[in-house]
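What follows is a set of notes on a single structure, which appears directly below.
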Amino acid sequence: MNAIQVHSSPVLEWLSRASGWIYFVAWSLSFYPQAILNYRRKSVEGFSLDYGSLNVLGFLCYSIYTLGFLLFPTLSSAEDAPLMRFNDAVFALHALALSSFTLFQAYGLGYRRAQNQSVSPAATGIFAGAVISCGLLLLRAMWMPKEDPDAWVDILFGMSYVKVIVTIFKYVPQALLNYHLKSTRGFSIHQITLDITGGLLSNAQLCLDAYMAGDMSDVTGNPAKFGLGVLSIGYNLVFLWQHYGLYWREREEKGGGEDELAPHTALEPPNTLTGHPQTPIRIQSSIGLPCLFFTSIHPHHL
1033 MNAIQVHSSP
1043 VLEWLSRASG
1053 WIYFVAWSLS
1063 FYPQAILNYR
1073 RKSVEGFSLD
1083 YGSLNVLGFL
1093 CYSIYTLGFL
1103 LFPTLSSAED
1113 APLMRFNDAV
1123 FALHALALSS
1133 FTLFQAYGLG
1143 YRRAQNQSVS
1153 PAATGIFAGA
1163 VISCGLLLLR
1173 AMWMPKEDPD
1183 AWVDILFGMS
1193 YVKVIVTIFK
1203 YVPQALLNYH
1213 LKSTRGFSIH
1223 QITLDITGGL
1233 LSNAQLCLDA
1243 YMAGDMSDVT
1253 GNPAKFGLGV
1263 LSIGYNLVFL
1273 WQHYGLYWRE
1283 REEKGGGEDE
1293 LAPHTALEPP
1303 NTLTGHPQTP
1313 IRIQSSIGLP
1323 CLFFTSIHPH
1333 HL
């Protein structure tokens, strides 16, 4: 059996810490543009509430996952415990708080929503499935011997898998909403550029830590962090393509900021789950100019 070769050095350690804190700043800042955009417009139209609600669920699970390994030495010393940094937990808690606030803007502050804009049954089903799965893992842990930490480690890994699964699905409704509206208005592109930066640096830190530890299997040994980085990069490339490639003419024709709705325009999201197209309804705005509202049978959503 080959001995593990450790490659620790002050330079690599500094690069790891720098990557960690820069990704923390980039990912943390990525939650502000959407909240600020919603505040300026006093509206969440164009923003998928499925995406927002699944974000809250995902970061709740990720917070439990990171805090569990950081706060309990018995769990962090387990053989298959992942590499965990303090900035991972700080990021998770901050993301949970900002995601919750963004959703609160829709339901608590009463910001304008499109007709029937709400969390879809599909997102509700994912939420229920996650709760049931975590509950079953908890029951299993309670039946295991108290001195055996493996069951509790499994719970934390279960939380990480929930986060990854949620991330797989949470971006889809927003991408479909943009597609049906043929617009990215109401969805801040600034969060995407910050998000993709965070994804690249998050995986850079993970690879550096694994290299210094002499075991590159540590990269896949932290499925939540590695999966989050890969998924965020992939989906964000889709959003960048939609914003700068597919729908740039729409922004030029209607004017206004790249994230803003024109003052007389509101967007009604279509049913992106069923694929039914939106029905255009022409009405008069308060200043006498015709404006176009899009309605749908069912809206949604990250």
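Each residue of the sequence shown is one higher than the last, beginning at 1033 in my numbering.
Ideal placement from N, C-alpha and C gives every residue a C-beta, glycine not left out.
Asked                                                                                                       : Found
Heavy atom of the ligand HEM within 8 Å of valine 1163 beta-carbon                                          : The model depicted lacks the ligand HEM and carries no ligand whatsoever.
N- and C-terminal bounds of the alpha helix (DSSP H) containing asparagine 1087                             : 1081-1103
Beta-carbon separation (whole angstroms), glutamine 1066 vs threonine 1134, contact threshold 8 Å           : 6 Å
Helix, strand or coil at serine 1075 according to DSSP, with G and I counted as helix                       : strand
Inter-residue Cα distance where the pair is serine 1150 and threonine 1216                                  : 19 Å
Inter-stretch contact (C-beta, 8 Å, three-pair minimum) for the stretch 1217-1226 and the stretch 1098-1105 : no
Cβ pair count under 8 Å reaching 3, the stretch 1077-1084 against the stretch 1264-1283                     : no
Cβ-based burial, isoleucine 1164 [other Cβ within 10 Å; buried from 16]                                     : exposed
Alpha carbon of phenylalanine 1083 to alpha carbon of lysine 1202, nearest angstrom                         : A small correction: the amino acid at residue 1083 is tyrosine; phenylalanine does not occupy that position in the sequence shown. Going by the C-alpha atoms only, they are around 5 Å apart.
Per-residue DSSP class, three states only, for cysteine 1145                                                : Correcting the residue identity first, residue 1145 is arginine in this sequence and not cysteine. Note: arginine 1145 maps to coil in three-state DSSP.
Phenylalanine 1063 in three-state terms, based on DSSP                                                      : coil
Residues near phenylalanine 1159 by beta carbon distance below 6 Å, same chain, minus five either side      : Leu1089
Simplified DSSP state of proline 1312, which is helix, strand or coil                                       : Any reading at proline 1312 must be qualified, since the residue scores a pLDDT of 37, below 50, and its modelled position is unreliable; no value is offered.
Delimiting residues of the alpha helix (DSSP H) encompassing phenylalanine 1133                             : 1118-1139
Backbone CA spacing between glycine 1052 and isoleucine 1200 [nearest angstrom]                             : 23 Å
CB contact check: asparagine 1087 to chain C, cutoff 9 Å                                                    : Although the question refers to chain C, the structure presented lacks it and comprises just one protein chain.
Assigned secondary structure, isoleucine 1221 (DSSP; H/G/I helix, E/B strand, else coil)                    : coil
Beta carbon of tyrosine 1055 nearer than 9 Å to that of alanine 1236                                        : yes
Contact under 9 Å by Cβ, tyrosine 1143 with lysine 1214                                                     : no
Cβ neighbours of serine 1131 in the same chain (closer than 6 Å, five flanking residues each side left out) : Asn1087, Val1088 and Phe1091
For tyrosine 1055, three-class secondary structure by DSSP                                                  : helix
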